[in-house]
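S.K.: Can you read through this structure? Questions will come right after.
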RNA sequence: UCCAGAGUAGCUCAAUGGUAGAGCAGCUGGCUGUUAACCAGCGGGUUGUAGGUUCAAGUCCUACCUCUGGAGCCA
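Residue numbers (the numbering used here): -17 to 442.
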């Protein structure tokens, strides 16, 4: 008999004389004449209730159907006499496929997220993490659907790279050379002898190669893993995370901000529409204001404010900040929080930042002071999107490289884009996990990644 | 990396410097179309690690480890 997923069994339009379900026992309640087994197979948040009558020849096996055990059950799908479910299964056969003893770490009661993090290999079997990772899967597909609907072309940019995309953080070196050899000879490693004949790293951004493809295929995006060796220990940073980077030719900062806003809204709307059970769980157990906040975000345009105006708002707010607000300085977390959480109370796009605090590739504005950069800030998380219009003028880009003391030889192919058929183009990066945090209300990035990599932690 | 907080039973947490406890989980039995089932009983501890103060340390002091929250950096 073919296996039926629990989600399909529970949504069946009619009773079934024959059904087979397979999954893991969440809990069992024994009576004298029968047992109730709650079975979950991860296809949906809900369990299916199975009645195993004591007269069944397989009933003796029930002692092994403990919490955590894997079981396979055949029987009939019937309307439930109980209150909490419409369908249940009256078992005819029971097979315990994989036993689980009393040391099984997941109990019927709630566990803290910190504890579940220590058992990352078992936490997908919990309601919360099963929901998070079902939503993660759905969100990834929504990303592709959004871009496909708008004729964007998906580009696989390299994970091993020789360029460090200046300003994007510390790099993980990729090498096949024996690092221990260095300490003995005391000589510096000559990476020209390394595998690729030069120093190479794990990518910190697919932007530069994405620009190459945008300047050929017009609208493109990348979606893949990204690595930062920064020693950051916060709930919003991971050493390995996934990032989405669209890049558009013949597009200015305005178009970039428009795309970022419609993208963020599309992703939220898709999950709200397709994962109602998971969203209800998050709203109930993770963040009671979640659904209300997401609806608010969907219902109105993001606020847009220039960096200069944002600084003025902060200066005139009367708020006392730990760090002073000053034109020319980066906005601190507390400043961003004030803008999104107190002043505008919605996602806020800040644009036109001072050139001193932004990387070399951003387009210089005519005022000589700012660049065409934009960040989308959201309540509770902070920066979720960072993007810009790219400097497409060859002489200007050359000047930026000089100003940032970067070697033009390392960017020869990037400069060539400006030399041959250069066009205005723009793009941004959206942190996939941060988006997932915003949608689920889960406040720690380690809890929206299957196996988080953070400084000092690569277990599993 | 910096600042703050926390590490006690499998889990969540108690315990004025003075005999380490409870709920849940587990085990045994009972009972009921139950549903975070219920009732009774039972077992369960090197109090993160190493030192120190004290007649006496889970509690005070020092160092280290781990985790959490915040900051910086950013997605």
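Glycine included, every Cβ here is placed at the ideal spot set by N, Cα and C. All values derive from a computational prediction rather than experimental measurement.
Mind checking whether residue 80 and residue 242 have CB atoms under 8 angstroms apart?
M.R.: Going by C-beta atoms, residue 80 is not nearer than 8 angstroms to residue 242.
S.K.: Leaving aside the five residues before and after residue 174 along the sequence, list all residues of the same chain whose C-beta is less than 7 angstroms from its C-beta, in chain order.
M.R.: Hits under 7 angstroms: 180.
S.K.: Indicate whether residue 30 and residue 73 have their beta-carbon atoms separated by less than 8 angstroms.
M.R.: Contact flag unset, no.
S.K.: Ignoring anything shorter than 4 residues or poking outside the region 222 to 276, list the alpha helix (DSSP H) runs there in chain order.
M.R.: The qualifying runs are 235 to 256 and 258 to 267.
S.K.: Taking the CB atoms as reference points, tell me whether residue 385 and residue 193 lie closer together than 8 angstroms.
M.R.: No, Cβ-Cβ distance for residue 385 and residue 193 is not below 8 angstroms.
S.K.: Flag this pair as yes or no: are the beta carbons of residue 156 and residue 183 separated by less than 8 angstroms?
M.R.: Going by C-beta atoms, residue 156 is nearer than 8 angstroms to residue 183.
S.K.: Contact check, residue 56 vs residue -17 under 8 angstroms by CB: the rounded distance?
M.R.: That pair is a contact at about 6 angstroms.
S.K.: Have a look at the DSSP bridge pairing and note the partners of residue 443.
M.R.: What is shown of the chain runs -17 to 442, which leaves residue 443 out entirely.
S.K.: Would you be able to state if there are at least three C-beta pairs under 8 angstroms between the region 282 to 294 and the region 315 to 333?
M.R.: Result yes; three or more Cβ-Cβ pairs closer than 8 angstroms.
S.K.: Let me know the alpha helix (DSSP H) ranges lying completely inside the region 76 to 115, each 4 residues or longer, listed in chain order.
M.R.: If we require 4 residues or more, the alpha helix (DSSP H) runs fully inside the region 76 to 115 come out as 95 to 100.
S.K.: May I ask you to list the residues that DSSP assigns as paired with residue 10?
M.R.: Answer is 19.
S.K.: Kindly indicate which three-state DSSP category residue 357 falls into: helix, strand or coil?
M.R.: It is a strand residue.
S.K.: On a Cα-Cα basis, can you pick out the residue from 61, 22 and 36 that is closest to residue -4?
M.R.: Among 61, 22 and 36, the Cα nearest to that of residue -4 is on 61.
S.K.: What do you reckon, are the CB atoms on residue 124 and residue 248 nearer than 8 angstroms?
M.R.: Going by C-beta atoms, residue 124 is nearer than 8 angstroms to residue 248.
S.K.: Let me confirm a value: residue 45 is counted as buried when at least 16 other C-beta atoms fall within 10 Å, else exposed. Which label applies?
M.R.: Flag for residue 45 reads exposed.
S.K.: Output yes or no for whether 8 angstroms exceeds the beta carbon distance between residue 250 and residue 261.
M.R.: In this structure, residue 261 does not lie closer than 8 angstroms to residue 250 by Cβ.
S.K.: Could you check if residue 198 is buried or exposed, using at least 16 other CB atoms within 10 Å of its CB as the buried criterion?
M.R.: By the 10 Å Cβ count, residue 198 comes out exposed.
S.K.: When the Cβ atoms of the region 264 to 277 are set against those of the region 376 to 393, are three or more pairs found closer than 8 angstroms?
M.R.: No, they do not touch.
S.K.: Are residue 201 and residue 230 closer than 8 angstroms when you measure CB to CB?
M.R.: Result yes, Cβ atoms of residue 201 and residue 230 sit closer than 8 angstroms.
S.K.: Please state the DSSP three-state secondary structure of residue 119.
M.R.: Looking at residue 119 - three-state DSSP - the assignment turns out to be helix.
S.K.: So residue -7 is in the alpha helix (DSSP H); what residue range does that whole segment cover?
M.R.: Neither: residue -7 is in no alpha helix (DSSP H) and is coded neither H nor E.
S.K.: How far does the alpha helix (DSSP H) with residue 41 in it reach, from first residue to last?
M.R.: Per DSSP, residue 41 belongs to no alpha helix (DSSP H) and is neither H nor E.
S.K.: What are the residues that DSSP puts in a beta bridge with residue 184?
M.R.: The partner list for residue 184 (beta bridge, DSSP) reads 142.
S.K.: Among 78, 77, 102 and 425, whose alpha-carbon lies nearest the alpha-carbon of residue 87?
M.R.: Cα-wise, what sits closest to residue 87 is 102.
S.K.: Once you ignore the five residues that flank residue 466 on each side, which residues in its own chain have a CB closer than 8 angstroms to its CB?
M.R.: Residue 466 is absent from the structure shown; the chain starts at -17 and stops at 442.
S.K.: Let me confirm a value: residue 224 is counted as buried when at least 16 other C-beta atoms fall within 10 Å, else exposed. Which label applies?
M.R.: It counts as buried.
S.K.: Taking all protein chains shown into account, decide if residue 6 is buried (16 or more other Cβ within 10 angstroms of its Cβ) or exposed.
M.R.: Residue 6 should be labelled buried.
S.K.: In three-state terms, what does DSSP make of residue 129?
M.R.: Three-state DSSP puts residue 129 in a helix.
S.K.: For residue 306, does the three-state DSSP call read helix, strand or coil?
M.R.: It is coil, neither helix nor strand.
S.K.: Helix, strand or coil: which one does DSSP assign to residue 333?
M.R.: Residue 333: strand per DSSP, three-state reduction.
S.K.: Rank 394, 212, 315 and 9 by C-alpha distance to the C-alpha of residue 438 and give the top, closest one.
M.R.: Nearest C-alpha to residue 438: 212.
S.K.: Residue 403 to residue 346, Cα distance in whole Å?
M.R.: Each residue's Cα considered, the two are about 19 angstroms apart.
S.K.: Measuring alpha carbon to alpha carbon, tell me which of 131, 127, 318 and 311 ends up nearest residue 351.
M.R.: For residue 351, the nearest C-alpha among the options comes from 311.
S.K.: For residue 108, collect the residues of the same chain with a Cβ closer than 8 angstroms to its Cβ; drop the 5 residues on either side in sequence, then sort them by chain order.
M.R.: Within the same chain, residue 108 has close Cβ partners 88, 93 and 98.
S.K.: Quick check: the Cα distance between residue 339 and residue 357, rounded to an integer number of angstroms?
M.R.: Near 13 angstroms, if we compare the C-alpha coordinates of residue 357 and residue 339.
S.K.: I need the straight-line Cα distance from residue 121 to residue 255, nearest angstrom please.
M.R.: The alpha-carbon atoms of residue 121 and residue 255 are separated by roughly 12 angstroms.
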